[in-house]
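These protein sequences, in sequence, are chains L and G. Anchor point for the first sequence: position 364 equals 364 in the numbering used here, and the numbering is continuous, going up by one each time. Anchor point for the second sequence: position 326 equals 810 in the numbering used here, and the numbering is continuous, going up by one each time. Glycine included, C-beta positions come from ideal geometry on N, C-alpha and C.
2 protein chains.
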Amino acid sequence: MDRLGELRPIFYPRALAVVGVSRDQRKFGSLFLQALLDFGFKGKIYPVNPAGGEILGLTTYPSVRDIPEPVDLAAIMVPAPVVPAVLEDCLAKGVKGAEVFTSGFAETGDERATAIERELTLIARRGIRIIGPNCFGIYCPASGLTLLPGGNFPGESGPVAFITQSGGHAVEFAWEARGRGFSFSKVISYGNGCDLNEADLLEYMAQDDETKIVAMYIEGPREGRRFVRLVRELAPRKPVIIWKAGLTPAGGKAVHSHTASLAGEEAIWDALFKQTAAVPVRSLEELADTVLAFLHLPASTGRRVGVVGGGGGISVAAADACDRVGLDIPPFDGDIQQKLWEILPAAGTSVRNPVDIGVPLVGAQAFERVLGGVASADCIDTIIATQAMFHVLGGKFGPPPDKREGFLQGLVETPAKVRDRFGKPIVIVLPVGGEDVGMIEAEKGRRQIRDQYLSMGIPSYPTLERAARAVANVATYYAKAAQA
Amino acid sequence: MDRLGELRPIFYPRALAVVGVSRDQRKFGSLFLQALLDFGFKGKIYPVNPAGGEILGLTTYPSVRDIPEPVDLAAIMVPAPVVPAVLEDCLAKGVKGAEVFTSGFAETGDERATAIERELTLIARRGIRIIGPNCFGIYCPASGLTLLPGGNFPGESGPVAFITQSGGHAVEFAWEARGRGFSFSKVISYGNGCDLNEADLLEYMAQDDETKIVAMYIEGPREGRRFVRLVRELAPRKPVIIWKAGLTPAGGKAVHSHTASLAGEEAIWDALFKQTAAVPVRSLEELADTVLAFLHLPASTGRRVGVVGGGGGISVAAADACDRVGLDIPPFDGDIQQKLWEILPAAGTSVRNPVDIGVPLVGAQAFERVLGGVASADCIDTIIATQAMFHVLGGKFGPPPDKREGFLQGLVETPAKVRDRFGKPIVIVLPVGGEDVGMIEAEKGRRQIRDQYLSMGIPSYPTLERAARAVANVATYYAKAAQA
Numbered sequence: 001m002d003r004l005g006e007l008r009p010i011f012y013p014r015a016l017a018v019v020g021v022s023r024d025q026r027k028f029g030s031l032f033l034q035a036l037l038d039f040g041f042k043g044k045i046y047p048v049n050p051a052g053g054e055i056l057g058l059t060t061y062p063s064v065r066d067i068p069e070p071v072d073l074a075a076i077m078v079p080a081p082v083v084p085a086v087l088e089d090c091l092a093k094g095v096k097g098a099e100v101f102t103s104g105f106a107e108t109g110d111e112r113a114t115a116i117e118r119e120l121t122l123i124a125r126r127g128i129r130i131i132g133p134n135c136f137g138i139y140c141p142a143s144g145l146t147l148l149p150g151g152n153f154p155g156e157s158g159p160v161a162f163i164t165q166s167g168g169h170a171v172e173f174a175w176e177a178r179g180r181g182f183s184f185s186k187v188i189s190y191g192n193g194c195d196l197n198e199a200d201l202l203e204y205m206a207q208d209d210e211t212k213i214v215a216m217y218i219e220g221p222r223e224g225r226r227f228v229r230l231v232r233e234l235a236p237r238k239p240v241i242i243w244k245a246g247l248t249p250a251g252g253k254a255v256h257s258h259t260a261s262l263a264g265e266e267a268i269w270d271a272l273f274k275q276t277a278a279v280p281v282r283s284l285e286e287l288a289d290t291v292l293a294f295l296h297l298p299a300s301t302g303r304r305v306g307v308v309g310g311g312g313g314i315s316v317a318a319a320d321a322c323d324r325v326g327l328d329i330p331p332f333d334g335d336i337q338q339k340l341w342e343i344l345p346a347a348g349t350s351v352r353n354p355v356d357i358g359v360p361l362v363g364a365q366a367f368e369r370v371l372g373g374v375a376s377a378d379c380i381d382t383i384i385a386t387q388a389m390f391h392v393l394g395g396k397f398g399p400p401p402d403k404r405e406g407f408l409q410g411l412v413e414t415p416a417k418v419r420d421r422f423g424k425p426i427v428i429v430l431p432v433g434g435e436d437v438g439m440i441e442a443e444k445g446r447r448q449i450r451d452q453y454l455s456m457g458i459p460s461y462p463t464l465e466r467a468a469r470a471v472a473n474v475a476t477y478y479a480k481a482a483q484a
Numbered sequence: 485m486d487r488l489g490e491l492r493p494i495f496y497p498r499a500l501a502v503v504g505v506s507r508d509q510r511k512f513g514s515l516f517l518q519a520l521l522d523f524g525f526k527g528k529i530y531p532v533n534p535a536g537g538e539i540l541g542l543t544t545y546p547s548v549r550d551i552p553e554p555v556d557l558a559a560i561m562v563p564a565p566v567v568p569a570v571l572e573d574c575l576a577k578g579v580k581g582a583e584v585f586t587s588g589f590a591e592t593g594d595e596r597a598t599a600i601e602r603e604l605t606l607i608a609r610r611g612i613r614i615i616g617p618n619c620f621g622i623y624c625p626a627s628g629l630t631l632l633p634g635g636n637f638p639g640e641s642g643p644v645a646f647i648t649q650s651g652g653h654a655v656e657f658a659w660e661a662r663g664r665g666f667s668f669s670k671v672i673s674y675g676n677g678c679d680l681n682e683a684d685l686l687e688y689m690a691q692d693d694e695t696k697i698v699a700m701y702i703e704g705p706r707e708g709r710r711f712v713r714l715v716r717e718l719a720p721r722k723p724v725i726i727w728k729a730g731l732t733p734a735g736g737k738a739v740h741s742h743t744a745s746l747a748g749e750e751a752i753w754d755a756l757f758k759q760t761a762a763v764p765v766r767s768l769e770e771l772a773d774t775v776l777a778f779l780h781l782p783a784s785t786g787r788r789v790g791v792v793g794g795g796g797g798i799s800v801a802a803a804d805a806c807d808r809v810g811l812d813i814p815p816f817d818g819d820i821q822q823k824l825w826e827i828l829p830a831a832g833t834s835v836r837n838p839v840d841i842g843v844p845l846v847g848a849q850a851f852e853r854v855l856g857g858v859a860s861a862d863c864i865d866t867i868i869a870t871q872a873m874f875h876v877l878g879g880k881f882g883p884p885p886d887k888r889e890g891f892l893q894g895l896v897e898t899p900a901k902v903r904d905r906f907g908k909p910i911v912i913v914l915p916v917g918g919e920d921v922g923m924i925e926a927e928k929g930r931r932q933i934r935d936q937y938l939s940m941g942i943p944s945y946p947t948l949e950r951a952a953r954a955v956a957n958v959a960t961y962y963a964k965a966a967q968a
């Protein structure tokens, strides 16, 4: 099936009708129109409003049928009972797709509302593809489409697709991505999925060359069997990271009143994750953390990690955290230990694995030698090193103020050097440290350092737990993908 | 045993000898001396250095024996082989206690070093109590004692004691506390625990009226059986929160090279946590989060939670997260649902539990009515509400700039009002939102709002997962404490 061709008018519409726009600028219709204008939609926009006249400088039309030129996509936000009639207009006009933002369908549990949603499904079969209802729509930077609240979203395209039943998560994930330096090919909030569902959208992403990694938030699949088949086929060549929500009894109930989904069936999902290379995650944070790891870590990322930290307690915590997510921490042999003893003082340090450098930070030269020593160990695939830079950024430790920048800069450049020399991936833990208001400048500095790392392809995380989990997710994926 | 009297000279020394101070200001001895002066130690300080002369404006003495006046405590940072001789000097001088910062003892695995540590234990039995070796010492704001790197620690005392084998965690925890608005009675980094150990120190905290909550980081207990007995006695009247590290195989190995502890024995720890009211946690973050919850949540905090959030996906995530930590989310009856329907629009919201308010934030008036509706439900003990204020702080949502402050201020004051009216505890989730550098001002605003909440006794957390876990820890504790 040529999903690319079929869904092109939806993701890259040349002309868009916005149905349900009123002069009240606080209503969703006007907010969406404003968001489109702010974001810079690249095609033509036709607001539809029975009252006629101009809105935000654009001529309105009484109905979709009255628009004088061809229309690819309709964004619909009229009340639920009116949606079928608008879709009929769209069919008559030859519109190819619709994103139905309106909620108040099957998710209410109300019989009449559920019947209207069934009507939408039947209308779709007659020649229009529907995203929604009960959704925030599509964000596609390349065409200038954006979500309902998304006027100030980043304009750059990137390699990540996010397919989500929750509009709130769509918006939050787009913001989370900024702090991790990645951009999207498409974000699709598809809500109740009355027509286009998780399977259709995944099939599209399989064919979409712009998309290298697929992230998903699913409450209840509409075509479970087909979805599993598609995941099995796609996952070995493009990472598919799935946050399946509602797997607990309480979550399952919440899922029903959110997108009228039937969740549960933990066994089926367990099987999916066991039998395919799909990567399961349990929160938006882990989803974003894992995408970040996939973007920067190579296929050689393995589960045998070398851990470097400053402070014995931190090393113990690191070992526990790695072990809990299934990473191995192989002990170093005598040669590697000897190499590390030549760099570190004997007291207050450890040269086993984890390596304890004894203080929060050592200078760049020593750090390079420590990382190099660890990277040179045959038993190590991947390195996780904690750099508690907040101590220096907050002025609590390290060189005098005039030497701080140089000290930190040397450290920041070290991991990429060692990675390139030894060909082993390095992940950095960059703790926030104190979160008091007085540390806000230190936090700014920390985020800037994180961005510098990113520019060198080094992913970093605020906690060891999150770094270990992201590495474990990537390592497990590549091990499975190699067998598939 | 009168631990208060016995350990008074250690926590509240009137005179302190600092042994191992040189003119090299980068060495630990000088750094510690400087930290003491910066922090404002309230007693007399006698630096000990064989070379004599003055250091940092203080007269030095060739040995402890040469100090002309009585000394309560000695802080020792000479090389390991010299420590026994210094302790002999202390004994001869009648010094009551010593904190031995020096590392390079049993944790190295070296036989000779282990033998020296045994010597320390034997010297202690002759009349001096030792903290350490391989530690960062004691932070006691009331007496002006501070940790090795702790010159800029907060000067206020508070109700929390932290007893830790890791000096690194001692320092980090003291900083974590600032962002959560709590202060310490004492923080004790006791390292290898050659003399005073987890049991002795817990016994002291049991008797110490200044201490209301005891947090602990333990790698390997020195007197396991006695410790369990003390925990069983103390936990029902003072919360004892224990992060037991090294319970995984990899963590257990790391523990040995850190503080020469034998970890493992998961079964024993499982039993401890099942049979006593002690609260188990698995990271420094959870330890600090749980202390925060104990400081503000009453004994009536129960596991039946009412959850309020904006966005259906967020409600589902909340339900899953609560369920995973053992919290119940009872469904509301028709009356409560009716009450909520009168406030919220029918579409895009949910009045079951979790309550989905449909948008990230509603105004203070509506928020107060929603919280009140939930608090009025008999089936609810505790409320967790997400307030995604970063949307407004980052200027992405909500009222125009000139109305933002008033809008947020109204919201900030609401939870305490509802709590006081209904007598039910309320916990707020205050997400960070985007972590890009451009959001740093929004993050500053978020931290300020968190501090405002704290001033009203409302604990807040950046994620639902962390809030749910902290509430579950407190609820479990009070249920167990009531039975003990």
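N- and C-terminal bounds of the beta strand (DSSP E) containing residue i
i, result
"S315 (chain L)", "First-last for S315 (chain L): G312 to R324, but that is the alpha helix (DSSP H), not the beta strand (DSSP E)."
"K244 (chain L)", "V240 to K244"
"A582 (chain G)", "G581 to V584"
Extent of the continuous alpha helix (DSSP H) run through residue i
i, result
"P764 (chain G)", "Here P764 (chain G) belongs to no alpha helix (DSSP H); instead the beta strand (DSSP E) covers V763 to V765."
"S939 (chain G)", "I924 to S939"
"V418 (chain L)", "P401 to F422"
"A288 (chain L)", "L284 to H296"
"V474 (chain L)", "L464 to Q483"
"Y688 (chain G)", "E682 to Q691"
"S257 (chain L)", "P249 to T259"
When the options are compared against residue i, the one with the closest alpha-carbon
i, options, result
"E210 (chain L)", "L:S22, L:G151, L:K238 and L:G445", "L:K238"
"L411 (chain L)", "L:P401, L:W243, L:A388 and L:G395", "L:A388"
"D862 (chain G)", "G:H875, G:K908 and G:T898", "G:K908"
"L91 (chain L)", "L:R118, L:P70, L:A321 and L:A206", "L:P70"
"L56 (chain L)", "L:S22, L:I67 and L:L196", "L:S22"
"F367 (chain L)", "L:L340, L:R352 and L:T259", "L:L340"
CA-to-CA distance, residue j to residue i, given in whole angstroms
i, j, result
"I868 (chain G)", "A772 (chain G)", "18 Å"
"A645 (chain G)", "D573 (chain G)", "31 Å"
"E707 (chain G)", "F891 (chain G)", "55 Å"
"T732 (chain G)", "A319 (chain L)", "8 Å"
"N134 (chain L)", "F101 (chain L)", "5 Å"
"T72 (chain L)", "P62 (chain L)", "Sequence inspection shows Asp at residue 72 (chain L); the Thr mentioned does not correspond to that position. If you take the alpha carbons of D72 (chain L) and P62 (chain L), they lie about 18 Å apart."
"F294 (chain L)", "P946 (chain G)", "25 Å"
Own chain partners of residue i with C-beta closer than 8 Å, once the 5 adjacent residues on each side are dropped
i, result
"E656 (chain G)", "L768"
Buried versus exposed call for residue i [16 or more other C-beta atoms within 10 Å across all chains shown]
i, result
"R787 (chain G)", "buried"
"K403 (chain L)", "exposed"
"Q649 (chain G)", "buried"
"G179 (chain L)", "buried"
"A75 (chain L)", "buried"
"D323 (chain L)", "buried"
"R450 (chain L)", "buried"
7 Å Cβ shell around residue i - same chain, five flanking residues per side excluded
i, result
"E660 (chain G)", "L768 and A772"
"G445 (chain L)", "L393"
"A761 (chain G)", "A719, P720, Y961, K964, A965 and A968"
Contacting residues, own chain, Cβ-Cβ under 6 Å from residue i (five flanking each side not counted)
i, result
"D522 (chain G)", "G635"
"A250 (chain L)", "none"
"V916 (chain G)", "P946"
heavy atom of the ligand MN below 8 Å from residue i C-beta
i, result
"M561 (chain G)", "With respect to small molecules bound, the structure shown includes none, and the ligand MN cannot be examined in it."
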